[in-house]
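Asks: Here's a structure for you.
Number of protein chains: 2
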Amino acid sequence: MEIVVGIDIGGTKTKIGLVNKEGTCLVQTFFRTRDYLDLDAYQLQIKNTVDGLLQELGGTPIVLGCGIGAPNASSKNGTIENPANLAWKGSTPFVAKLKEKMPMPMRIMNDASAAALGELLFGRGKEMTDFIAITLGTGFGAGIVANGKLIDGFDGFAGELGHVDMNLGDGRLTGLGIPGGLEAYVSATGLKRTIVYMQAQYLDDSRFRNVAFNDLHGEDITKAAEEGDVLAIKAFDYTANIMAKALANFTAFTQPEAFILMGGLVNSGKWILEPLNTYLDQYLLEVYRGKVKILESGMEGKTAAICGAAALIWENHQTN
Amino acid sequence: MEIVVGIDIGGTKTKIGLVNKEGTCLVQTFFRTRDYLDLDAYQLQIKNTVDGLLQELGGTPIVLGCGIGAPNASSKNGTIENPANLAWKGSTPFVAKLKEKMPMPMRIMNDASAAALGELLFGRGKEMTDFIAITLGTGFGAGIVANGKLIDGFDGFAGELGHVDMNLGDGRLTGLGIPGGLEAYVSATGLKRTIVYMQAQYLDDSRFRNVAFNDLHGEDITKAAEEGDVLAIKAFDYTANIMAKALANFTAFTQPEAFILMGGLVNSGKWILEPLNTYLDQYLLEVYRGKVKILESGMEGKTAAICGAAALIWENHQTN
Chain A
1 MEIVVGIDIG GTKTKIGLVN KEGTCLVQTF FRTRDYLDLD AYQLQIKNTV DGLLQELGGT
61 PIVLGCGIGA PNASSKNGTI ENPANLAWKG STPFVAKLKE KMPMPMRIMN DASAAALGEL
121 LFGRGKEMTD FIAITLGTGF GAGIVANGKL IDGFDGFAGE LGHVDMNLGD GRLTGLGIPG
181 GLEAYVSATG LKRTIVYMQA QYLDDSRFRN VAFNDLHGED ITKAAEEGDV LAIKAFDYTA
241 NIMAKALANF TAFTQPEAFI LMGGLVNSGK WILEPLNTYL DQYLLEVYRG KVKILESGME
301 GKTAAICGAA ALIWENHQTN
Chain B
1001 MEIVVGIDIG GTKTKIGLVN KEGTCLVQTF FRTRDYLDLD AYQLQIKNTV DGLLQELGGT
1061 PIVLGCGIGA PNASSKNGTI ENPANLAWKG STPFVAKLKE KMPMPMRIMN DASAAALGEL
1121 LFGRGKEMTD FIAITLGTGF GAGIVANGKL IDGFDGFAGE LGHVDMNLGD GRLTGLGIPG
1181 GLEAYVSATG LKRTIVYMQA QYLDDSRFRN VAFNDLHGED ITKAAEEGDV LAIKAFDYTA
1241 NIMAKALANF TAFTQPEAFI LMGGLVNSGK WILEPLNTYL DQYLLEVYRG KVKILESGME
1301 GKTAAICGAA ALIWENHQTN
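Top to bottom, those sequences are chains A and B. End of the first sequence = 320 in this note's numbering, gap-free, step of one. End of the second sequence = 1320 in this note's numbering, gap-free, step of one.
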């Protein structure tokens, strides 16, 4: 059996799994990224984890290679550069170093681009040639597929839309210190920031007036909206409005058939999706109206990022 | 000898030429678009013009097909839809109708996308896989090339960036009545609008205080800047600033290696290009800084649009 190692490097967890040709993650595990601040120790932990998974899987699988999704990764250079949420600063030659420990075909890519590739090979993008995958977790990520191909960009940094000031909000700082960047508003973290913003902006009573910022959780905001909490509903509406403006702009760029959404914010379901659809219809140029779908990812949440990373290698073994 | 018919449909002129494999326009002519308001009469005039050019060229060339660049064209549907500057309203099945008169392989495309394809096959894009061609004439057009391929979008309307409100200006109306669209600022027409805006905004004396809006011409604005006219210089700076913000946003999308500029506004040379480069460097995310070139089109201005249109057919006859 042929398999691919998929690795998703996040600020909190590093998830690793073995993925077959159909995009099924056969075995998986994770460790805490911050337990290994030194690059060498971190990569040794990856190697040991992969060895353990191969043992757990059993048999004699042929390992075709290793795909890695990471924030601020350059696919063309095999590097991770100045990530906001990882310990290694500057430009880290991640692939070259890991290959010394695990000699096999290896590719790294921005995590949102990897997610888009996962959707293209294994998910809701299978039947589409033009779509944009949007990840809405701690940050805002975008992976763009056009003409049936992922767009890498000149040196592998396409789709870094979270930090660009699109003049859509009121100048909130992103993790990179950039005012007005999309991810300060449109992400799971952005929603929390909007909850406190709404407390400043309005006088409505809200359950969140008794909750500290650091104790805010997405699920609670969804539940509050369901119970009619005015500030929670206003926060979703505010987030959806800014997101719709952004997606309308993106549509004029590559005219995707669909946006495929994933990540924490999507778990809020109709509270974010209903206003998003309403506003998007309003902001789209007439020529695009009614032609752009908003879809939720069809990938299983827990392993989606691993399968996306593995898609970097499976892409080169497709036989169609 | 093999040749392709290239047709550029503009609001004022319809330019037609015969283009060889190297992208040289061998013979060419034009007629006034508005002299033929009826679609049938217009297309008959195209056919007669092409027949005349073939006769002028002489010999027995093999006509491989006909490529057409037009505003608001859908490449996938072969239609022109609700153009702001043409007489035919609604959705016009332009290709199907013209094929009845000129039965040959035929493709139509947004004029800016055709220009991008022209650059890819014959111009400065030859050595690049990722670039964006920007046309700055009456309007603002963008043709996006990524992975060495033009991006069409789901139904052929990618790159319609001129009418999108990106919140970059102060809400000027575009030709489609959309407030804040890019082409209200960043285009040859936009520059003229900015000249009168500057007269409202500032008290500086200027030669343009004696010129009516309808008598404003791009060349005069350039000449005035050269002579130190403060309002002219301010107008270029204002235009370049908004353009730089837009290009910085576009860069975060597909990370082009270069923007290739063409159209009337580019003739202003350093007056637009110098502030554009300065502002762009300022607005780009760090990860992109120093990696994005601003280039002027290498195509001969007079025939660039014809060659771009012809590229739609030549693209399918490349042998590399």
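Ideal Cβ placement from N, Cα and C applies to all residues, glycine included. Since we're looking at a predicted model, the values are computed, not measured.
Beta carbon of leucine 1121/B, beta carbon of glutamate 1315/B: below 8 Å?
Replies: yes
Asks: Which residues of the region 244-272 of chain A have a Cβ closer than 9 Å to any Cβ of chain B? Give them in chain order.
Replies: Lys245, Ala248, Asn249, Phe250, Thr251, Ala252, Phe253, Thr254, Gln255, Pro256, Glu257 and Ala258
Asks: Please list, in chain order, the chain A residues whose beta carbon lies closer than 8 Å to that of methionine 1166/B.
Replies: Met166, Asn167 and Asn249
Asks: If the criterion is Cβ atoms closer than 8 Å, does the pair leucine 1255/B and tyrosine 1202/B meet it?
Replies: The amino acid at residue 1255/B is misidentified as leucine; the sequence shows glutamine. Contact: no.
Asks: Tell me where the alpha helix (DSSP H) around valine 1027/B begins and ends.
Replies: Not the alpha helix (DSSP H): valine 1027/B falls in the beta strand (DSSP E), residues 1025-1032.
Asks: Can you pull the DSSP bridge partners for glutamate 963/B?
Replies: Residue 963/B is absent from the structure shown; chain B starts at 1001 and stops at 1320.
Asks: May I have the straight-line CA-CA distance separating histidine 163/A from leucine 191/A, to the nearest angstrom?
Replies: 16 Å
Asks: Is it a yes or a no for the region 274-281 of chain A touching the region 233-244 of chain A, going by three-plus beta-carbon pairs under 8 Å?
Replies: Yes, the region 274-281 of chain A is in contact with the region 233-244 of chain A.
Asks: Pick from Val266/A, Ala116/A and Ile151/A: whose alpha carbon is nearest that of aspartate 1130/B?
Replies: It is Ile151/A.
Asks: What would DSSP say about phenylalanine 1131/B, mapped onto helix, strand or coil?
Replies: strand
Asks: Return the residue from the list Glu2/A, Ala188/A, Ala246/A and His217/A that minimises the CA-CA distance to glycine 65/A.
Replies: Relative to glycine 65/A, the option among Glu2/A, Ala188/A, Ala246/A and His217/A whose CA is nearest is Glu2/A.
Asks: Return no unless some Cβ of chain B is closer than 8 Å to the Cβ of isoleucine 144/A.
Replies: Isoleucine 144/A counts as touching chain B.
Asks: For aspartate 1130/B, return the contacting residues in chain A, with the cut-off set at a CB-CB distance below 7 Å.
Replies: Gly153 and Phe154
Asks: Please report the Cβ distance between valine 1019/B and alanine 1310/B, rounded to the nearest whole angstrom; I am assuming they are in contact, meaning their Cβ atoms lie under 8 Å.
Replies: 4 Å
Asks: If we ignore side chains and look at the alpha-carbon of each, how far apart do cysteine 307/A and isoleucine 46/A end up?
Replies: Near 17 Å, if we compare the C-alpha coordinates of isoleucine 46/A and cysteine 307/A.
Asks: Applying the 10 Å Cβ sphere with the 16-neighbour rule, what's the burial state of asparagine 1170/B?
Replies: The question names asparagine, but residue 1170/B in the sequence shown is aspartate. It is exposed - the Cβ of aspartate 1170/B has fewer than 16 other Cβ atoms within 10 Å.
Asks: What are the residues that DSSP puts in a beta bridge with valine 1004/B?
Replies: Val1019/B and Gly1065/B
Asks: For leucine 53/A, collect the residues of the same chain with a Cβ closer than 6 Å to its Cβ; drop the 5 residues on either side in sequence, then sort them by chain order.
Replies: Leu18 and Val27
Asks: Assuming the contact rule is C-beta atoms closer than 8 Å, lysine 1223/B and glycine 1156/B should be a hit. Round their C-beta distance to whole Å, please.
Replies: Going by Cβ atoms, the distance from lysine 1223/B to glycine 1156/B rounds to 40 Å, so no, they are not a contact pair.
Asks: Tell me the DSSP secondary structure of serine 74/A in three-state form.
Replies: strand
Asks: Output the boundary residues of the alpha helix (DSSP H) element that contains alanine 1225/B.
Replies: 1218-1226
Asks: Closer than 8 Å, CB to CB, is valine 287/A near chain B or not?
Replies: yes
Asks: What's the gap between the Cα of valine 266/A and the Cα of isoleucine 272/A?
Replies: 7 Å
Asks: What are the boundary residues of the beta strand (DSSP E) that methionine 243/A is part of?
Replies: For methionine 243/A, no beta strand (DSSP E) segment is defined; the enclosing uninterrupted segment is the alpha helix (DSSP H) at 230-254.
Asks: Taking isoleucine 260/A as the reference, which of Thr92/A, Gly10/A, Lys293/A and Val186/A has the closest Cα?
Replies: Lys293/A
Asks: Using the three-state DSSP reduction, which class does proline 179/A fall into: helix, strand or coil?
Replies: strand
Asks: Can you tell me the Cα-Cα spacing of valine 1196/B and serine 1206/B, whole angstroms?
Replies: So the two alpha carbons sit approximately 11 Å from each other.
Asks: Look up threonine 1138/B in the DSSP assignment and say whether it is helix, strand or coil.
Replies: Here threonine 1138/B sits in coil by DSSP.
Asks: Against asparagine 147/A, what residues of chain B qualify as contacts under a CB-to-CB distance less than 9 Å, listed in chain order?
Replies: Ala1146, Asn1147, Lys1149, Leu1150, Ile1151 and Asp1152
Asks: Could you tell me whether any Cβ in chain B is nearer than 8 Å to the Cβ of asparagine 320/A?
Replies: In this prediction, asparagine 320/A scores a pLDDT of 49, lower than 50, which makes its location untrustworthy; no coordinate-derived value is stated.
Asks: Am I right that isoleucine 1144/B and alanine 1116/B are in contact with their C-beta atoms under 8 Å? What's the rounded C-beta distance?
Replies: 7 Å
Asks: Applying a beta-carbon distance threshold of less than 9 Å, which residues of chain B neighbour lysine 291/A?
Replies: One finds Phe1154, Asp1155 and Phe1157 in chain B with Cβ atoms closer than 9 Å to the Cβ of lysine 291/A, taken in chain order.
Asks: With three or more beta-carbon pairs closer than 8 Å as the criterion, would you say the region 94-112 of chain A touches the region 168-187 of chain A?
Replies: no
Asks: Starting from the beta carbon of histidine 1217/B, find every residue of chain A whose beta carbon is closer than 9 Å, and list them in chain order.
Replies: Result: empty, since nearest Cβ-Cβ is about 30 Å, beyond 9 Å.
Asks: Against glutamate 1160/B, what residues of chain A qualify as contacts under a CB-to-CB distance less than 7 Å, listed in chain order?
Replies: Result: Ala252, Leu285 and Val287.
Asks: Between glutamate 81/A and chain B, is any beta-carbon pair separated by less than 8 Å?
Replies: yes
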